[in-house]
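Here is the structure we will look at, set down as structure tokens.
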């Protein structure tokens with residue numbers, strides 16, 4: 067099992083601490099909607115692009131941990147990829163931490179193999195994490211949001227309460243045996259339907275807002291499109 071080192075800021079009641087954490091297992095929870103209608107809407111969005119329905123909901127994809135990046139940009143092939151804002155859960159230093167990331171996915175590859183599409187693109191992630199213990203009691207009040215740059219304007223791409231998604235405890239509880247949520251595991255916890263249809267953008271922003279504590283975790287990255295030459 068490969069190890070990937072992330073330089074992060076871990077924030078709890080005692081204050082922020084910067085340091086490195088090791089991630090050796092990256093899991094993408096797909097179709098993890100708590101609201102079945104919202105989940106069906108997202109499935110329909112992808113079906114319209116030729117993506118097959120999942121074998122089960124939720125479903126857990128394994129991705130190489132080296133795909134995680136806190137950098138300001140990623141390289142992709144062509145113009146058929148896009149981001150998705152997701153809460154992420156990390157087990158590190160014997161504790162659970164919550165952050166936010168983008169499950170950036172190649173939509174062309176996704177039409178013929180979802181598992182492969184998850185591996186093709188880097189997975190941007192914010193470097194700040196909150197203690198899960200500090201947000202668990204008011205989890206349902208957290209807000210997930212993403213924005214894209216279009217024609218020189220910042221446009222809201224996704225926005226909604228995490229109540230649309232299965233809570234982390236539920237998702238973690240479905241992982242058993244060798245797939246249990248062990249130290250060094252990071253999981254993307256599902257996404258929200260997009261506003262205006264799934265589409266590429268040159269810049270993608272995502273954030274997790276905690277209105278109870280009046281704070282946000284925010285990250286943005288640019289998308290560098292490499293040519294597809296056959």
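Residue numbers (this note's numbering): 67 to 296. For every residue, glycine included, the Cβ atom is placed at its ideal position computed from N, Cα and C.
Pair within 9 Å by beta-carbon distance, residue i and residue j
i	j	result
residue 252	residue 156	yes
residue 256	residue 130	no
residue 138	residue 170	no
residue 195	residue 92	no
residue 140	residue 287	yes
residue 188	residue 237	no
residue 214	residue 111	no
residue 74	residue 136	yes
residue 70	residue 192	no
residue 94	residue 223	no
residue 227	residue 206	yes
residue 240	residue 126	yes
residue 142	residue 278	no
residue 124	residue 180	no
residue 230	residue 99	yes
residue 200	residue 183	no
Local conformation of residue i per DSSP, three classes
i	result
residue 82	strand
residue 236	helix
residue 263	coil
residue 226	strand
residue 151	strand
residue 135	strand
residue 242	coil
residue 112	helix
Residue(s) in a DSSP beta bridge with residue i
i	result
residue 142	291
residue 95	126
residue 87	72
residue 271	213, 286
residue 281	276
residue 158	161
residue 253	93, 155
residue 220	215
residue 77	82, 196
residue 231	99
Any beta strand (DSSP E) of 3 or more consecutive residues that is wholly inside the segment 165 to 215: 194 to 197
The segment 263 to 281 touching the segment 205 to 224, judged by at least three CB pairs closer than 8 Å: Touching, yes.
Count the C-beta pairs between the segment 162 to 178 and the segment 192 to 206 that are closer than 8 Å, then say yes if the count reaches three, no if not. yes
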